[in-house]
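Working notes, structure below.
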Amino acid sequence: MKHTLAVLVENRSGVLTRVAGLFSRRGYNIESLAVGVTEDLSVSRMTIVVEGDDNVLEQVTKQLNKLIDVIKVSDIGNDEAVERELALIKVTADVNTRAEIIQIANIFRARIVDVAPKSMTVEVTGDEAKLQAIEKLLRQFGIKEMVRTGKIALSRGPKKV
Amino acid sequence: MKTGSTEKVTGAKALIKCLEQEHVDTLFGYPGGALLPIYDELYDSDLRHILVRHEQAAAHAADGYARVTGKTGVCIATSGPGATNLVTGIATAYMDSVPIVALTGQVPSSMIGNDAFQEANITGITQPITKHNYLVQDANELPRVVKEAFHIASTGRQGPVLIDLPKDITTSEIEFYYPEKVELRGYKPTYKGNLQQIKRAAEEITKAERPVIYAGGGIINSNASAELVQFAEALMAPVATTLMGIGAIPTEHFLNVGMLGMHGSKYANYAIQESDLIIAVGARFDDRVTGKLESFAPNAKIVHIDIDPAEISKNIPVHIPIVGDAKQILKMLIKYVKRCKSEPWLAKIKEWKKEFPLTYKKDSKVIQPQFVIEKISEICKDAILVTEVGQHQMWAAQFFKYSEPRTFLTSGGLGTMGYGYPAALGAKVGRPEKLVVDISGDGSFQMNSQELATAVQNEIPVVAVILNNGYLGMVRQWQELFFDRRYSYTDISGSVDFVKLAEAYGALGLRAERPSEVGPAIEAAIKSERPAVVDVRVECEANVSPMVPAGAAINEILDLEEN
Ligand SMILES: Cc1ncc(C[n+]2csc(CCOP(=O)(O)OP(=O)(O)O)c2C)c(N)n1
Ligand SMILES: [Mg+2]
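These protein sequences, in sequence, are chains X and W. If you count the first sequence from 1, you need to add 906 to reach this note's numbering. If you count the second sequence from 1, you need to add 1047 to reach this note's numbering.
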C-alpha cells in the first residue's frame, strides 16, 4: 500500500540527506519525494510517497520523528487530500501527428510548452492516474524524454498538517 | 562569567567556555593540525585533558566516563583520520544509548569539499551513528550548537552527538554569549507516561499470574534501579535483565533471575517462555534476547515501557505501550498495581533455579575462566567491571555478583572488541574512588593495548584481567558447535607476553597459571595502585553455557558445560 507523508523539516542544509539516508538505511522504499520551502521560510515541506503496510508506515513515521530536524510528520490520507504532480513529456512529433497530440493535451488540460520540427513538449498536472493515462496515450507517438516532480499534497478544508 | 553578558573571544576560547558552562571537567582526546587553536586554549585551561594513544580510545573512554557518572562524556579528535578513528567508539555509544559529545577538527570552511589534506566528511560518515550532528558554519553559532549538543546527548533516549569544527571557526572572533535555553521545535522527548495507559497496564499486571519483568539498559540510563526493585517487590514478579540491564537489580536479590537471551540462565529464559505477562522496561527486544521472534513468549501479553516511541512494536507486537521515562513511569505504576497471585509461579522458578543453576567444571589444575570471575567477585566486591567482547564478557555477565547500577560496562549493542580497556580508563577517571577492573580476552586486549601508555602517563590505576585462552574464543566456540571444529583463523596463541607488554609500558604485569595463583595475583594488582595487567592462563576450549543458537527459540537451550 502507498502512503503519502507530509514532513515538515527545518530549512537547513543537510536535512534532505538525513531523511534520504534514514530511508535507505532502514530499507524503506521511497516512491517519490518532493521538497520545497513553505509559507514559513524556516520550514521546508517534504511530500514523501512510501510503499509499505501499516507497520512499515508506523516505523517510518517514528524514525522520521526521531530526526532532530524533523518538526512534524503527517500521513495525508488519499481521499481527503488534494494531490498533484507535474510532468514534462517530450514527444516525437511531425506534421502528421502534431494535431492529434494537441488534441490529447487539450483533453487532459495539459499545455504544449515547446514545439520543434521533430518534437513537442507537453506539460501536464494532475494526480497519478491522470499522469499515467496521458503518458500511455502519448507513448504511441514515441516519448523521447519525461520528467516528473513527484507528488505534492495538501489536505482538504481549513485543516493544516 | 555569567550567562547573559557578552565578551569578545576566539571560537576556540568560546568552545572552552561552553564546555565549562556544561560542567565538563574532563576531555579525552588527541591533537592534530585542525585542532591547534583549541589545544592552545586547553594548555591554559582548568579542564583535564587525558591524552590517549588512539582516538578510538578517546571515544570509548568518554563513553566509560559517561556510563559510570551519568554525565555526558566528551572526546576530541582532529580532522580526517582523527575523526574517522572515533567512528567505532561513536557507533558503540550509539548502540548502547550513551551520552557523549564528540568534537572533531575540520579543514577550514573554504576548503571543505575540495578533498583537502586530512579532510573527511565526518558529519556524513556519522549520520547513521549519532543522535544528531553539526558542522559549525558560523562561529557565532558555536555556543548555541554546543548547548544543543549537550542537551540532545543527555535527554530523551541518550546518545552521541558530534560537532565538527572547521579550523577558521576556532580562530575567528565572536561576541561570546551562552544561551540559557535550547529551542528545538523538532525535539521534544516524552518523559511522563500517559496516565490512561499506566492505569490499563496496572490492571493487566495485577491480573497476571506468571509475570516477568524484562529490564534493560534504559533502567540504568534513567536511574530507575530503586524503582525497579520496589516495583518488582510490589508485584512479587521475577526480574530478568538484559546484558545492558545488569546491575539494575542486585544479583543476589531474591526476585532476580539473571540474564535472559542467548547466554542467559535457563530459568530466565524458561520464565519468559512460560510467562503470561511481560513488562519490558527500557529494553528493545534485541535478537540476542528474543531468539526466534515467532516463538518468543508465546503466551504473554506485553507491556512495553520505553522512552523511544520507535522501539514500541518494532520487533514484537506490544499490547500496552507506555512511552516515557522509566523512573517516572515505574513510580506511577507502583501506586496503581497490587501484588500478583504469583506464589506458585515463584515456586516454579525457584525449582528451575535449583535444577538448572549456572555451573562450570571444577578443576584444581587448569584455571577455569568462570572461576576467575568468581574470584574477582569475591575480592573486588563493589568494583566497577568493564568488559571487552567475547566469551570473557559473557562469563563476566554470568558469574560476577553485581550490587549496584553503573558498575557493569560492556559494549552490548555493537559488540566492540577493544572497548573495555579504554572505557575502564574513562570509568576510573569518572569514579576515581572505585576499583575498576577490565575483564579482557587475549584477542580484545590487543585491540587497544596501546592505552597502557595512557594509563601510565595519566596515572590511572585500572586492573586489566586477561582471560588468556589463546583463541578468539567466542568465534572458536561457534566454529566448534556449528562448523565442525574447523578453527579457521581463531588461534592467536603466542601473540604476545602480556606481562612483558605491561612492563614495557611501565605498568605492572602479573601472571597466574594455576587456580591457586589467581586470587593472589589479582590482590597484588589492586594493592599496587598502579595500572596493572594480570595474564590469567585459562582453559583453552572452555565454552559459554548455556547457549541458545542464533535463530532458535529461547527455550531451545544447549548445555555445553562438562561437570
Ligand atoms: C572489533 C571486533 N572485531 C571482531 C569481532 C568478532 N568477535 C566477537 S568475539 C571475538 C573473539 C574475542 O576474542 P577474545 O578477546 O580473546 O575473547 P574470548 O572470546 O577468547 O574470551 C571476535 C573476533 C568483534 N566483536 N569486534
Ligand atoms: Mg581469547
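We put the CB at the ideal spot given by N, CA and C, even for glycine. Bear in mind that the values here come from a model prediction, so they are computed numbers and not experimental data.
Can you determine whether any heavy atom of ligand 2 sits closer than 7 Å to the C-beta of Leu1519 (chain W), and answer yes or no? yes
Return no unless some Cβ of chain X is closer than 8 Å to the Cβ of Ala1357 (chain W). yes
Quick one: list the residues of chain W neighbouring Gln927 (chain X), beta-carbon separation under 7 Å, in chain order. It should be pointed out that residue 927 (chain X) corresponds to Gly in this sequence rather than to Gln. The contact set of Gly927 (chain X) on chain W, defined by CB atoms closer than 7 Å, consists of Gln1174, Pro1175 in chain order.
Tell me whether Gly1467 (chain W) sits in a helix, a strand or coil according to DSSP, three-state version. helix
For Ser980 (chain X), write down the residues that DSSP places opposite it in a beta bridge. In DSSP, Ser980 (chain X) forms a bridge with X:Ala912.
Cβ of Glu901 (chain X) within 8 Å of Cβ of Thr1055 (chain X)? No answer is possible for residue 901 (chain X): the residues shown for chain X start at 907 and end at 1067.
May I ask you to check if the CB of Glu1220 (chain W) is nearer than 7 Å to at least one heavy atom of ligand 1? no
Determine which residues share a DSSP beta bridge with Tyr1518 (chain W) and list them. Answer is W:Asp1538, bridged to Tyr1518 (chain W).
Taking the alpha carbon of Gly870 (chain X) as the point to measure from, which residue in X:Ala1059, X:Ser1025, X:Pro1023 has its own alpha carbon closest? In this structure chain X extends from 907 to 1067, so residue 870 (chain X) is not present and cannot be described.
With a CB to CB cut of under 8 Å and the five nearest residues on each side skipped, what residues in its chain are close to Leu1242 (chain W)? Met1379
May I ask you to check if the CB of Asn1495 (chain W) is nearer than 7 Å to at least one heavy atom of ligand 2? no
Unbroken alpha helix (DSSP H) run spanning Thr1173 (chain W), endpoints: 1169-1173
For ligand 1, any of its heavy atoms closer than 7 Å to the Cβ of Ser1540 (chain W)? no
Are the C-beta of His1366 (chain W) and some C-beta of chain X separated by less than 8 Å? For His1366 (chain W), the answer is no, since every Cβ of chain X falls outside 8 Å of its Cβ.
On the three-state DSSP scale, how would you describe Arg1577 (chain W)? In the three-state scheme derived from DSSP, where H, G and I count as helix and E and B as strand, Arg1577 (chain W) is classed as coil.
Taking 8 Å as the CB-CB limit, is Glu1041 (chain X) close to chain W? no
For Ala1196 (chain W), three-class secondary structure by DSSP: helix
Taking only heavy atoms of ligand 1 into account, decide whether any of them is closer than 7 Å to the Cβ of Leu1514 (chain W). yes
Short of 7 Å in beta carbon distance, which residues of its chain neighbour Asn1610 (chain W), apart from the five on each side in sequence? Order them along the chain. Because Asn1610 (chain W) carries a pLDDT of 48, less than 50, the predicted location of this residue cannot be relied on, and the following value inherits that uncertainty. Result list for Asn1610 (chain W): Thr1406, Lys1408, in chain order.
Around the Cβ of Phe1164 (chain W), are there at least 16 other Cβ atoms within 10 angstroms (buried) or fewer (exposed)? exposed
Does the beta carbon of Lys1214 (chain W) sit closer than 8 Å to a beta carbon anywhere in chain X? no
Please classify Ser1411 (chain W): is it buried, with 16 or more other beta-carbons within 10 angstroms of its beta-carbon, or exposed? exposed
Closest Cβ-Cβ distance between Ile1611 (chain W) and chain X: below 8 Å? There is simply no residue 1611 (chain W) to check, as chain W begins at 1048 and stops at 1610 in what is shown.
Thinking just about the alpha-carbon of each residue, which of X:Val997, X:Glu1041, X:Glu986 is nearest to the one in Pro1064 (chain X)? X:Glu986
Should Arg1007 (chain X) go down as buried or exposed, given a rule of 16 or more other Cβ atoms within 10 Å for buried? Here residue 1007 (chain X) is Ile; the residue named in the question, Arg, does not match the sequence. Burial call: buried.
For the beta strand (DSSP E) containing Gly1076 (chain W), list its first residue and its last residue. 1073-1076
May I ask you to report which of helix, strand or coil DSSP gives Lys1050 (chain X)? strand
May I ask which residues mark the beginning and end of the alpha helix (DSSP H) holding Asp1091 (chain W)? Where Asp1091 (chain W) is concerned, the enclosing alpha helix (DSSP H) stretches over 1083-1091.
Is Ala912 (chain X) near Thr953 (chain X), with beta carbons less than 8 Å apart? With contacts defined by Cβ atoms closer than 8 Å, Ala912 (chain X) and Thr953 (chain X) form a contacting pair.
State the start and end residues of the unbroken alpha helix (DSSP H) segment that holds Ile1176 (chain W). That residue, Ile1176 (chain W), is in no alpha helix (DSSP H); it is neither H nor E in DSSP.
Val1067 (chain X) versus Tyr1224 (chain W) - alpha carbon distance: 36 Å
Under 8 Å, with one C-beta from each stretch per pair, do the region 1380-1392 of chain W and the region 1305-1314 of chain W reach the 3-pair mark? no
From the DSSP output, which residues share a beta bridge with Pro1213 (chain W)? W:Gln1153
Contacts of Gln965 (chain X) in chain W (Cβ-Cβ under 9 Å): Ala1357, Ser1360, Lys1361
Could you tell me how far apart the beta carbons of Glu1281 (chain W) and Ala1318 (chain W) are, in whole angstroms, since I believe they sit closer than 8 Å? Glu is not the amino acid found at residue 1281 (chain W); the sequence shown has Ala there. That belief does not hold up - the Cβ atoms of Ala1281 (chain W) and Ala1318 (chain W) are roughly 18 Å apart, past 8 Å.
Leu1630 (chain W): contacting residues in chain X (beta-carbon distance under 7 Å): The first residue shown for chain W is 1048 and the last is 1610, placing residue 1630 (chain W) beyond what the model contains.
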